[in-house]
Amino acid sequence: MYIANTETVPDGEIVEVLGIARGNTVEAKNVGKDITQGIRNVFGGELKGYSDLLTKARDEAITRMEADAEEMGADAVVNVRLETSQITDGGSEVMAYGTAVRLR
Numbered sequence: 002m003y004i005a006n007t008e009t010v011p012d013g014e015i016v017e018v019l020g021i022a023r024g025n026t027v028e029a030k031n032v033g034k035d036i037t038q039g040i041r042n043v044f045g046g047e048l049k050g051y052s053d054l055l056t057k058a059r060d061e062a063i064t065r066m067e068a069d070a071e072e073m074g075a076d077a078v079v080n081v082r083l084e085t086s087q088i089t090d091g092g093s094e095v096m097a098y099g100t101a102v103r104l105r
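Plus 1 on top of the position in the sequence shown (first one is 1) and you've got the numbering used here.
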């Protein structure tokens, strides 16, 4: 499966648009990370625990989007976008979406 944030696929011709493929996940921070990241926040620097959490969430959302596109019979997903939103205190949703297409 080819995943691209562009409108086209290099060396590929889009012959059919199948619809929007999407995948999402909701991740929550845990108390242990919250304490260590809170200390880091006081002294400055990257909050690596939270960065790792969001990286994991993005990867999962993309994997789920790809699975959705495969169920549609797609060869590729173009115009891929990622969005993150806070849905609860300490919990964020990451959504990946794009246009599922068939290639010649």
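Cβ atoms here follow ideal geometry from the backbone N, Cα and C, with glycine treated the same way.
Worksheet entry | Completely contained beta strand (DSSP E) runs for the stretch 3-88, where each covers 3 or more residues | 15-29
Fill in: Meets three-Cβ-pair contact criterion under 8 Å: the stretch 66-81 and the stretch 3-14
Yes, they touch.
Worksheet item: Buried or exposed: which applies to Val95, given that a residue is buried once 16 or more other Cβ atoms fall within 10 Å of its Cβ?
Response: One-based indexing of the sequence shown puts residue 95 at position 94. So Val95 ends up on the buried side.
Fill in: Own chain residues within Cβ distance below 7 Å of Glu71, not counting five before or after
Position 70 of the sequence shown, counted from the first residue, corresponds to residue 71. Correct list, in chain order: Met2.
Worksheet item: Skipping 5 residues on each side, what residues in its chain have a beta carbon closer than 6 Å to that of Arg103?
Response: Residue 103 sits at position 102 when you count from the first residue of the sequence shown. Cβ neighbours of Arg103 beyond the five flanking positions: Val16, Glu17 and Asp76.
Worksheet item: Any idea what DSSP makes of Arg105, helix, strand or coil?
Response: Counting from 1 along the sequence shown, the entry for residue 105 is found at position 104. Coil.
Item to complete: Mind reading off the beta-carbon distance from Arg65 to Gly92? Whole number of angstroms is fine, and I expect it under 8 Å.
Response: The residue you call residue 65 lines up with position 64 of the sequence shown. The residue you call residue 92 lines up with position 91 of the sequence shown. Wrong, their Cβ atoms sit about 17 Å apart, outside the cutoff.
Discussion item. Just verifying my parser: in three-state terms, what is the DSSP assignment at Gly91?
Written reply: Residue mapping note: residue 91 aligns to position 90 of the sequence shown, counting from 1. In this structure, Gly91 counts as coil in the three-state DSSP scheme.
Practice prompt. Buried or exposed for Ile140, please, with buried defined as at least 16 other CB atoms from any protein chain shown within 10 angstroms of its CB.
Written response: Absent from the structure is residue 140, since the part of the chain shown begins at 2 and ends at 105.
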